[in-house]
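Following my numbering, the numbering of the sequence shown begins with 985 at its first residue and continues without gaps. Glycine included, each C-beta is placed from N, C-alpha and C at the ideal position. Take a look at the structure below.
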Amino acid sequence: MTRDRDFLTSLTVNLGLFSNIVLAALKTSIGILGHSPAVLADGINST
């Protein structure tokens, strides 16, 4: 039972980390491409 729980915890943490990295990269890219300082700042602040 503990092994399954540890695996699920690790999977959840890694998925959340990956999602946050992708979201920050997208926000930063869109801010640069769209010439939007607010979105760019939000993307940089998300890291």
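Can you give the Cα-Cα distance for Thr-1012 and Arg-987, rounded to whole angstroms?
38 Å
If I follow the unbroken alpha helix (DSSP H) through Gly-1027, where does it start and stop?
1021–1029
Using the C-alpha atoms, what's the distance from Asn-1004 back to Leu-1024?
15 Å
Beta-carbon gap between Gly-1018 and Gly-1027 smaller than 8 Å:
no
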